[in-house]
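Here the protein sequences line up with chains A and B, keeping their order.
The opening position of the first sequence corresponds to residue 10 in my numbering, with each subsequent residue numbered one higher.
The opening position of the second sequence corresponds to residue 1489 in my numbering, with each subsequent residue numbered one higher.
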Amino acid sequence: MLTFLLRRLPSLAGVLLASSVIAFALPRLAPGDPAVTIAGPDAPPEAVAAVRDALGLDQSLPSQYLNWLGGVLTGDLGASFTTGRPVAELLADRAASTVELAVVAALLMSLLGIGLGVLGGNRRSPAVRAAVDGVSSALLAAPPFLTGLLLVLALGIAFPVLPAGGEVSLLDDPVIGIQYLIMPAVALALPQAAAIGRLVQTEMRRNRGEEFVDLATAKGLSPAQVTRRHVLRTSLGTGAVAIGLRLGELLAGAIVVEAVFARNGLGTLAVTSMASRDYLVVQVLVLLAVAVAAVIQILTELVLAWLDPRVRLGAS
Amino acid sequence: MTALTTDRPRSRYLAALRTPRGLTGTALVGILCLAALFAPVLAPQGYDAQGSGSLQPGAWPALFGTDELGRDILARALYGLRTDLALVGLAVPVSAVVGTLLGLAGFLHRGLGTFLQRCLDVVLGFPSLILGISIALVLGAGWWALFVAIVVYGLPAFGRLARAGLLTQAQREYVHAAQVMGVPRTTIMVRHILPHALDPVIVQVAVGMVGGIFLESSLSIVGLGIQPPEPSLGALLNTGMRYMTTQHLYVLGPALLLLLLAWGLTLISDALNEAVHR
């Protein structure tokens, strides 16, 4: 397992390095002088010079990049230009909200996804299968923000049973907090769950045609045992991969869902700092998003290797 | 799959669109395209004409009511649909062609292929909206940023599918047969390999259009896409959210169009996918 992990590290480092270059280049690719953009169009020359100095824009590009990267690696992310607060502090303030949303949504997504897949992959009831097919294709056509908006209209405004927006931390007050979390988490989880369900379902149907399933049936196992021990277990690898792939999209979806539900998370921070051209914040957020997605992918591969000996042994 | 059941690709696609699923999808997308195309006829006042009252309930001909400035929401939604369709209609084919060319380059030259694959992996590492935000940061929020974002977002899938398709088809017996018969390399490539290798790419065009529409609406909803007063379905939802408590149709109307469009395209891609994998 360790060798497997070690083999994956170079490509992880490569992707991270490339995206750090991209994140660093973003404000410098934008038209105009970043210092003027940050200081504002009517800023006096001294203010522009101060910004230029603070950003180190008068140095050569490679040394600017190395300075920035060094700062990121040692935890010194600089200060936001609009608020003057350290970027690390800004991120820490907002992270809890996004983590709560993402964790609850990811749990929902995995449970619903595997559940839908198992229901749809079960050949005993064609009616259930048709229903699952219909539900999942409808869910696939509705991205998180649409599901979110429709949920707000239905449960927040037409039949006000849940708060339409805002948030209360789960740590402060779990009972109220979960009420604020239900709608955004469900909105975020449903489309991804449908995508996972589809993959698991296809995989289960395919595995059912395999010879080891015939063998298990011939040995006299009950249909439920065959499904559980042989069909489901072999299909879970696909499920794990699908969940890993979807987690990245789930995080991206969180940006819009936070906007729809007026939550103050990292997504909202990304949007506001982007709109005010607060480059240091945007750069770090872009890098963070890519890093999280990359780490999730590696973890997915580890789980897959653990579930499927072919992957594990092929790697070592 | 034997050679006998393999029709020419084009007729297979047409047959796929004639299945119940394909027909429903085609009808939905067709009607929406017509509505967008004839938006100037259906709503002759244009998307920016201010009427008598703001936030009025739905009534003929302003079925979705009016917005905060007294503009007809249905008219704005139709013009918004036009923006969205033009955007994905132009960006996704461009993405498909560029992606396929990258895949082709990777197929023809192994070293180049590995290098391109690494580049596409980096693009793939960016969650869709982060990619969109990054591009909007460089180009400035608006139509062009969305166009570029949709093109770049689609490249990894198109490139990978094209290369994989080419590699699979090149191993097939009919290609070896053509080689043995002395058919020139370019002819084999153009006449035999490409038409079959591009099947998954064609399916991906429909999938990519759904993704493109979602990317547009997501970015516009957070205010980093189409800027007011230009309408797009996402931009309408962005302002509509603020008046959701009083004017339900401000959100429901554009949301409905978005859902129908995405559903229609999904049905088409499913139908094509089934035909290709038959």
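Where a beta carbon is used, it is the ideal one built from N, C-alpha and C, also for glycine.
With distances taken from CA atoms, which of the options is nearest residue i?
| i | options | result |
| --- | --- | --- |
| A:F33 | A:L70, A:P53, A:A44 and A:T46 | A:L70 |
| B:V1689 | B:P1644, B:G1752 and B:C1521 | B:P1644 |
| A:V240 | A:L224, A:G253, A:V250 and A:E310 | A:L224 |
| B:S1705 | B:I1621, B:C1607 and B:R1606 | B:I1621 |
| A:M192 | A:L180, A:E176 and A:R207 | A:E176 |
| B:Q1715 | B:S1583, B:Y1501, B:W1632 and B:A1574 | B:W1632 |
| A:R37 | B:L1703, B:V1626, B:A1503 and B:E1661 | B:V1626 |
| A:V170 | A:I187, A:A204 and A:A303 | A:I187 |
| B:G1711 | B:G1630, B:T1588 and B:L1655 | B:G1630 |
| A:Y189 | A:L296, A:L64, A:V280 and A:S106 | A:S106 |
| B:A1547 | B:E1556, B:Q1657 and B:L1562 | B:L1562 |
| B:M1729 | A:F90, A:S285 and A:G157 | A:G157 |
| A:L289 | A:V280, A:L64, A:A22 and A:A251 | A:L64 |
| A:H149 | B:L1724, B:L1725, B:F1702 and B:A1550 | Sequence inspection shows Leu at residue 149 of chain A; the His mentioned does not correspond to that position. Among B:L1724, B:L1725, B:F1702 and B:A1550, the Cα nearest to that of A:L149 is on B:F1702. |
| A:R94 | A:L313, A:E219 and A:S282 | A:S282 |
| B:V1580 | B:R1564, B:F1635 and B:A1531 | B:F1635 |
Near residue i, what residues of its chain come up, given a Cβ to Cβ distance below 7 Å and the 5 sequence neighbours on each side ignored?
| i | result |
| --- | --- |
| B:R1509 | L1755, D1758 and A1759 |
| A:A173 | V161, G165 and I166 |
| A:E310 | R17 |
| A:A198 | A114, L117, M118 and L121 |
| A:R103 | N273, G274, L275 and L278 |
| A:A151 | P200 |
| A:G80 | L86 and G87 |
CB of residue i to nearest heavy atom of the ligand NAP: below 7 Å?
| i | result |
| --- | --- |
| A:V112 | Absence of the ligand NAP is noted for the structure shown, with no ligands found whatsoever. |
Can you tell me the Cβ-Cβ gap for residue i and residue j, rounded? I've got them flagged as a contact below 8 Å.
| i | j | result |
| --- | --- | --- |
| B:G1541 | B:G1558 | 6 Å |
| A:Q210 | A:E258 | Actually they do not touch by this definition, with Cβ atoms about 19 Å apart. |
| A:L256 | A:A97 | Between A:A97 and A:L256 the Cβ distance is about 24 Å, and since that is not below 8 Å, they are no contact. |
| A:V266 | A:A163 | In fact, because the Cβ distance is near 16 Å, the residues do not count as touching under 8 Å. |
| B:H1680 | B:V1663 | 6 Å |
| B:V1582 | B:M1697 | Not a contact, Cβ separation roughly 12 Å. |
| A:A39 | A:V57 | Contact flag wrong, Cβ pair sits at about 16 Å. |
| A:L100 | A:A300 | The pair is not a contact, with the Cβ atoms about 13 Å apart (cut-off 8 Å). |
Quick one: give me the first and last residue of the alpha helix (DSSP H) that residue i is part of.
| i | result |
| --- | --- |
| B:E1556 | No alpha helix (DSSP H) contains B:E1556, which DSSP labels as neither H nor E. |
| B:V1517 | P1508 to L1525 |
| B:H1684 | L1682 to A1685 |
| A:D142 | P135 to L149 |
| A:N76 | L70 to T83 |
| B:V1739 | H1736 to V1764 |
| A:G87 | No alpha helix (DSSP H) holds A:G87; DSSP gives it neither H nor E. |
| A:R242 | R242 to V269 |
| A:G93 | Neither: A:G93 is in no alpha helix (DSSP H) and is coded neither H nor E. |
| A:F13 | L11 to L38 |
| B:H1771 | Because chain B here runs from 1489 to 1766, residue 1771 of chain B falls outside it and cannot be looked at. |
| A:E310 | Y288 to L316 |
| B:W1631 | W1631 to A1658 |
| A:R217 | P183 to R217 |
| A:R282 | This sequence places Ser at residue 282 of chain A; Arg is not what is there. Start and end: L275 to A284. |
| A:D62 | P54 to L64 |
Return the chain-ordered list of same chain residues with a C-beta closer than 6 Å to the C-beta of residue i, the five sequence neighbours on each side being excluded.
| i | result |
| --- | --- |
| B:G1591 | G1647, A1650 and R1651 |
| B:M1489 | With a pLDDT of 39 at B:M1489, under the threshold of 50, the predicted position of this residue should be treated as unreliable, though the coordinate-derived value follows. Cβ neighbours of B:M1489 beyond the five flanking positions: none. |
| A:R217 | V240 |
| B:L1516 | L1748 and G1752 |
| B:L1707 | G1620 and G1713 |
| B:T1514 | L1505 |
| A:G130 | Q210, M213 and R214 |
| B:D1687 | V1764 |
| B:Q1667 | none |
| B:A1527 | L1566, Y1567 and R1570 |
| A:F270 | G174 and P193 |
| A:D42 | none |
For chain E, is any of its Cβ atoms less than 8 Å away from the one on residue i?
| i | result |
| --- | --- |
| B:L1725 | As a matter of chain content, chain E is missing from the structure shown, whose protein chains are A and B. |
Excluding the 5 residues flanking residue i on each side, which residues of the same chain have their C-beta closer than 8 Å to its C-beta?
| i | result |
| --- | --- |
| A:L308 | G253 |
| B:L1608 | L1590, L1643, P1644, G1647 and R1648 |
| A:A251 | G122, A204, I205, L208 and V209 |
request  = Could you name the residues of the region 255 to 283 of chain A whose beta carbon sits closer than 7 Å to any beta carbon of chain B, in the order they occur along the chain?
outcome  = G257, E258, L260, A261, I264, V265, A268, V269, A279, V280 and M283
Interface positions of the region 1744 to 1758 of chain B facing chain A (Cβ-Cβ less than 7 Å), listed along the chain = L1746, L1747, A1750, W1751 and T1754
query = According to a CB-to-CB cut-off of less than 9 Å, which residues of the region 148 to 162 of chain A neighbour chain B?
reply = L149, A150, A151, P152, P153, F154, L155, L158, L159, V161 and L162
inquiry  = Under 9 Å, CB to CB, which of the residues in the region 1575 to 1607 of chain B have a partner in chain A?
reply    = R1606 and C1607
Near-chain A residues of the region 1497 to 1527 of chain B - C-beta to any C-beta below 9 Å = none
task = Give, in chain order, every residue of the region 1663 to 1683 of chain B whose Cβ lies closer than 7 Å to some Cβ of chain A.
result = none
key: Members of the region 33 to 62 of chain A near chain B, C-beta cut-off 8 Å   = L35, P36, L38, A39 and P40
ask   = Using a beta-carbon distance cut-off of less than 8 Å, what residues from the region 120 to 148 of chain A approach chain B?
value = S146 and A147
message = To be precise: take each residue of the region 1609 to 1621 of chain B, compare its Cβ to all Cβ atoms of chain A, and keep it if any distance is under 8 Å. Which residues remain?
response = D1609, V1610, G1613, F1614, P1615, S1616, L1617, I1618 and I1621
key: Under 7 Å (Cβ pairs) to chain B, residues found in the region 298 to 310 of chain A   = A298, V299, A302 and A303
query = Any residues in the region 96 to 116 of chain A with a beta carbon nearer than 9 Å to a beta carbon of chain B? Which ones, in chain order?
reply = none
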